Amino acid sequence: MQWEEVQWEEVQWEEVQWLEMQWEEVQWEKVQWEEVQWEEGQWMEVQWEEAQWEEVQWLEMQWEEVQWEKVQWEEVQWEEVQWMEVQWEEAQWEEVQWMEVHWEEMQWEEVQWLEVQWEEAQWEEVQWMEVHWEEMQWEEVQWLEVQWLEVQWEEVQWLEVQWEEVQWEEVQWLEMQWEEVQWEKVQWEEVQWEEVQWMEVQWEEAQWEEVQWLEMQWEEVQWEKVQWEEVQWEEVQWMEVQWEEAQWEEVQWMEVHWEEMQWEEVQWLEVQWEEAQWEEVQWMEVHWEEMQWEEVQWLEVQWLEVQWEEVQWLEVQWEEVQWEEVQWEEVQWMEVQWEEVQWEEMQWEEVQWMEVHWEEMQWEEVLVTKFIPNKSEGQAHAEDVP
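Read in numbering that gives the first Met the number 0, the sequence shown has 202 at position 203, and its numbers run on one by one without any break.
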């Protein structure tokens, strides 16, 4: 253990020296990159203004086409809804019949299987952790440094996919709710017909006024955007200074406290893990069946209440939100596109830099770890150092 501790401390010191050299190189490259980014930003502003004008012209042409397509789509939607109502009622009846027969059997088998799997998993996890704990700590630190950059990019991609899936699920849910609301909707439509006629007249008058208002708002938004960009630039400069100071202080503190923290953390984690495992087993044995029953009862009540309230609210909000959402999303979309282009360029350059330097960093770290000899055995291993 003494020899390994000496080796580890020597490797740590050399790694800190190497990181300081890398930091200076990164700072120089960062300055070069910021100069290029500023020039690209000037060009993007000119391109963005030209694209804005062309988009306004295109949107005016698309609006008339969308109005005609909307009428056609509503006619097709009505026929599809009628067909889906019939199919949904038949599917619901068959599903209810099947669930009444198989529910209790499925619950019992699932509980038995979960109890067996949980006990086996707990035992295997304990055995494996005792053997691999120290090895995992070192590998985890190395792996986390690499994974953090990859996870940042994957998280953005995942969020885009999830948003599309949520949109599709929401449409499916609304179609399922249609059957439950039909009777109330018939009653409501009789009262709403006269109000809709009046609203159509008011809406046409409001459209012209809103167009005038939007033109005024556009000029104000352009001015505010210029002010916002100036403020953003100052904030970025301040954040860079603060980050560099914080990085230096963190390195100094870690050099002093690293070994002490590692030992205390290992001791504390071992105690906490054993206590948590025991308490979790005791609590689960007492409360499992009670939790299952209460959760089922509560979910049934909440689901019925939420279904009714959400359907009522959605019918009222839908017509009011459609127009405002279209206008707002067009403005937001252009701003988001510009920011995404900037962010993707930054991410791409960072990934390119890591690809170029990753193998070099790994090779140097392997050489330091493998070929630094023990002080007592330095002469014996001197010939092994390339």
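Cβ coordinates follow ideal geometry from the N, Cα and C atoms, glycine included. Here the structure is a predicted model, which means the values were calculated and not measured.
Check your understanding: How long is the line joining the alpha carbons of residue 211 and residue 357, rounded to whole angstroms?
Key -> 56 Å
Exercise for review: Could you check the C-alpha separation between residue 107 and residue 352 for me, to the nearest Å?
Suggested key: 55 Å
Review point. So which of 1, 13, 2, 3 has the shortest CA-CA distance to residue 366?
Key: The candidate whose alpha carbon is nearest that of residue 366 is 13.
**Study point:** Other residues of its chain near residue 250: CB distance less than 6 Å, five sequence neighbours each side excluded
**Key:** none
**Study point:** Whole-angstrom distance between residue 119 and residue 268, CA atom to CA atom
**Key:** 22 Å
Check your understanding: Are the C-beta atoms of residue 81 and some chain C residue less than 8 Å apart?
Key -> Going by chain labels, chain C is absent from the structure shown, which holds only one protein chain.
Exercise for review: Evaluate contact between the region 229 to 244 and the region 79 to 97, counting only Cβ atoms and requiring at least three cross-stretch pairs below 8 Å.
Suggested key: no
Review point. By Cβ distance below 6 Å, which residues in the same chain neighbour residue 15 in space, the five residues on each side in sequence not counted?
Key: none
Review point. Okay, do the region 300 to 315 and the region 128 to 141 touch, 3+ Cβ pairs below 8 Å being the bar?
Key: no
Review point. To the nearest angstrom, how far is it from the Cα of residue 40 to the Cα of residue 165?
Key: 34 Å
Practice item. Please say whether residue 32 and residue 348 have beta carbons closer to each other than 8 Å? Key: Taking 8 Å as the cut-off, the Cβ atoms of residue 348 and residue 32 count as close.
Review point. Can you tell which of 159, 224, 235, 50 has its C-alpha closest to the C-alpha of residue 37?
Key: 235
**Study point:** Closest Cα partner of residue 216 within the set 176, 163, 327, 25
**Key:** Minimum Cα distance to residue 216 is reached at 327.
Exercise for review: Using a threshold of 8 Å, state whether the C-beta atoms of residue 346 and residue 177 are closer than that.
Suggested key: no
Exercise for review: Report yes if the C-beta distance between residue 47 and residue 337 is below 8 Å; otherwise report no.
Suggested key: Residue 337 sits close to residue 47, with the two beta carbons spaced by under 8 Å.
Practice item. Measure the beta-carbon distance from residue 284 to residue 17 and round it to whole angstroms, keeping in mind my assumption that it falls under 8 Å. Key: Rounded, the Cβ-Cβ distance is 52 Å, inconsistent with contact.
Review point. Assuming residue 179 and residue 306 make a contact with CB atoms under 8 Å, what is their CB distance in whole Å?
Key: 7 Å
**Study point:** Cα-Cα separation between residue 50 and residue 56, rounded to whole angstroms
**Key:** Taking the straight line joining both Cα atoms gives about 10 Å.
Check your understanding: In angstroms, rounded to a whole number, what distance separates the CA positions of residue 197 and residue 204?
Key -> 11 Å
Check your understanding: How big is the Cα-Cα spacing for residue 113 and residue 142?
Key -> Cα to Cα, residue 113 sits roughly 32 Å from residue 142.
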